[in-house]
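Participant:
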Amino acid sequence: MVQRLIWGKRLTEDIARATTEQIYETLRYLRTLGRPKHRRTTATLVKHLLASGTAPDTFIYETLLMAHAATDGSADAVKELLREMRHKKLPWSSTAYHAALQALAIHPDYLLRSTIIKEMNERWLEINPEGHQHIAIGLLRDEQYELALEKLHEMFEKGIQIEGWVYDIFIYVFGKMEFLEDALRIVRHRLDNGHEVPVNIWYFLLDVCSKGQNIAATRYIWNRAVQQGIVNPSDGVALNVLNMAAVYGDTEFCTPVIEYLASRGTRLNRYHYEALIDAYAAQENVEKALEVYCIMSAAGVEVTNSSTGSLAFALTRDPSFIDKAIHAMSGLQGKHNVPTTVFNCILNEIVKADVEQSDDAFAKALGLYRRIREFVPDGPNLETFRNLLWKCTRPELAQFFAGEMVHFGIKPNLVITKHMYRIHVEFHGPSHRAKDYFFKVAPHLTAGRDLSKGQRKAEIMELSVKLIKRLIGERDPEAWRILDICKKSGLEEGTINALRAEVEAGTIA
């Protein structure tokens with residue numbers, strides 16, 4: 001019968017046939033379980049006893065209090081049960097108080113918990129280790145984090161036994177709340193006292209510490225758990241660790257993470273290499289950063305413009321690194337091939353460098369370009385010439401670059417053509433070349449094309465008006481053809497009238 005009552009499948013029928021002793025025996029068993037379905041069974045059995053004339057006693061209230069140490073229990077119900085015990089003047093027991101503390105660990109109520117602890121002290125009832133654990137967990141659930149940590153520390157100091165699940169809950173909660181130092185202290189205390197830390201805890205901490213950018217904690221966990229083979233983090237978590245180490249410029253930490261990924265048979269991709277490059281760039285170790293770029297390219301991983309972001313930032317922050325980068329490229333000769341993208345990044349930073357004479361910067365960039373074959377066997381690409389042309393002020397050099405593009409089999413795009421047009425108009429290149437470049441950009445001025453609206457169109461129109469004036473001054477009839485094309489492409493009437501007025505006044509020379 002006791003087993004049938006515990007199962008509770010036909011409780012209404014079985015309870016009517018059960019003896020009082022069988023019901024008490026069932027309650028003694030159920031009070032140790034603390035599951036929602038058993039709480040309901042307990043309540044039904046107690047109601048039957050009371051309805052049968054059984055006088056309520058401390059045992060019954062202890063049982064009801066224990067039943068509320070379940071997910072569907074209630075702090076209010078615990079408070080009411082304790083109030084009833086006082087009202088009926090029932091003898092107090094350590095078991096009842098501890099049952100209440102257990103229930104309040106799941107359904108926290110700070111004031112009620114404090115009252116229970118006070119009453120236990122007044123009645124000289126000692127709190128057992130489980131009770132201390134329930135107090136600590138209750139404070140944690142109540143979001144009284146400092147008090148919970150103080151309670152845990154008190155248990156450490158007094159040598160009160162702490163079960164592993166209590167440590168686990170504290171570590172999980174503090175990890176989620178990003179109290180990472182506190183979580184790590186608990187782990188260290190656990191290890192110092194000869195207790196093992198579960199694998200899932202190590203994994204959890206590695207994840208939250210790397211995401212939280214706590215490098216000291218992450219390094220400790222990596223050395224203690226990953227390096228010793230306790231934890232095998234996924235590629236995603238390892239990449240988080242690698243990225244965090246890169247942010248701090250900790251290349252010594254990056255290296256074992258890369259080695260770990262390689263040992264797993266993971267094919268290193270752009271994100272892995274870029275993280276290591278970021279670390280060297282943060283360390284201002286331009287030489288090593290360039291070497292990783294070369295290794296990355298040799299491994300078949302494309303070095304994109306975004307890949308060079310950390311290098312560009314380092315060179316912008318301190319232009320003196322540009323010379324270091326050039327020297328580093330020289331040092332790589334014979335060992336590695338520098339990717340064109342990396343060469344372009346350095347070239348671009350030279351052109352951008354804030355110097356008194358922009359011509360000096362351009363001359364330096366030109367000097368580096370002439371050495372491109374030393375560093376980059378693949379040669380230049382469109383981006384190389386874009387970097388050179390955007391600050392170029394000499395038409396003859398622009399034509400030199402045009403010849404270089406032909407030599408390397410590079411077809412100029414619209415951006416390059418615009419630069420060539422600008423250089424030949426603004427800096428008085430040969431008129432016939434300026435006209436050639438106009439006729440190359442003109443088709444892009446029509447509706448729906450790249451230069452058909454906005455600032456880009458305005459820039460081309462402004463250059464074209466300058467070219468028209470020059471051609472008029474040179475008595476070149478092509479001026480009117482170009483004007484007609486511009487007019488059809490939307491050149492403003494006011495600009496046309498102003499140009500006509502200058503022609504009529506004879507002010508264009």
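Numbering (UniProt numbering), first residue to last: 1 to 509. Positions of the beta carbon are idealized from the N, C-alpha and C atoms, including for glycine. This one's a predicted model, so the numbers in the text were calculated from it and none came from an experiment.
1) For the 8 angstroms Cβ check, are there 3 or more pairs between the region 152-160 and the region 106-125?
2) Alpha carbons only, please: which of Arg267, Gln228 and Arg224 is nearest the one belonging to leucine 239?
3) Could you give the distance in angstroms between the alpha-carbon of tyrosine 97 and the alpha-carbon of tyrosine 110?
4) Pull up the CB-CB distance for isoleucine 135 and leucine 81, whole angstroms please, since I reckon it's below 8 angstroms.
5) Under a Cβ-count criterion, where at least 16 other Cβ atoms within 10 Å of its own Cβ denotes burial, should leucine 419 be classed as buried or exposed?
6) Taking buried to mean at least 16 other C-beta atoms within 10 Å of its own C-beta, is glycine 175 buried or exposed?
7) Keeping to the same chain, check which residues put their C-beta closer than 8 angstroms to that of alanine 312; ignore five residues upstream and five downstream.
8) Could you tell me if threonine 308 is buried or exposed, where buried requires 16 or more neighbouring beta carbons within 10 angstroms of its beta carbon?
9) In this structure, does DSSP put threonine 384 in helix, strand or coil?
10) What's the gap between the Cα of residue 560 and the Cα of alanine 328?
11) Restricting to Cα atoms, I'd like to know which of Ser263, Pro339 and Asp278 is closest to cysteine 294.
12) Do the CB positions of proline 256 and glutamine 227 come within less than 9 angstroms of each other?
13) Once you ignore the five residues that flank tyrosine 248 on each side, which residues in its own chain have a CB closer than 6 angstroms to its CB?
14) For lysine 440, which option in Ala225, Ile482, Arg470 and Gln455 has the closest C-alpha, if you only look at C-alpha atoms?
15) How about alanine 479 and leucine 491: are their beta carbons less than 9 angstroms apart?
16) Helix, strand or coil, according to DSSP, for valine 390 in the structure here?
17) Measuring straight from C-alpha to C-alpha, what distance separates glutamine 144 and glutamate 130?
18) Taking C-beta to C-beta, are leucine 140 and phenylalanine 179 nearer than 9 angstroms?
19) Along the alpha helix (DSSP H) that carries histidine 272, what are the first and last residues, could you check?
20) Do threonine 393 and isoleucine 423 have their beta-carbon atoms positioned less than 9 angstroms apart in this structure?
21) What did DSSP end up calling proline 395 once you bin it into helix, strand or coil?
22) Under 8 angstroms by Cβ, that's how I've got alanine 69 and isoleucine 106 pegged, so tell me the actual separation to the nearest angstrom.
Facilitator: Looking at the atomic coordinates:
1) no
2) Arg267
3) 15 angstroms
4) That belief does not hold up - the Cβ atoms of isoleucine 135 and leucine 81 are roughly 19 angstroms apart, past 8 angstroms.
5) The sequence given here has histidine at residue 419, not leucine. It is buried - the Cβ of histidine 419 has at least 16 other Cβ atoms within 10 Å.
6) buried
7) Cys345, Asn348 and Glu349
8) buried
9) helix
10) The chain is shown from 1 up to 509; residue 560 falls before or after that span and cannot be answered.
11) Pro339
12) yes
13) Ile215
14) Ile482
15) no
16) Looking at the sequence provided, one finds tryptophan at residue 390 rather than valine. Reduced to three states, the DSSP call for tryptophan 390 is coil.
17) 19 angstroms
18) no
19) 270-282
20) yes
21) helix
22) 6 angstroms
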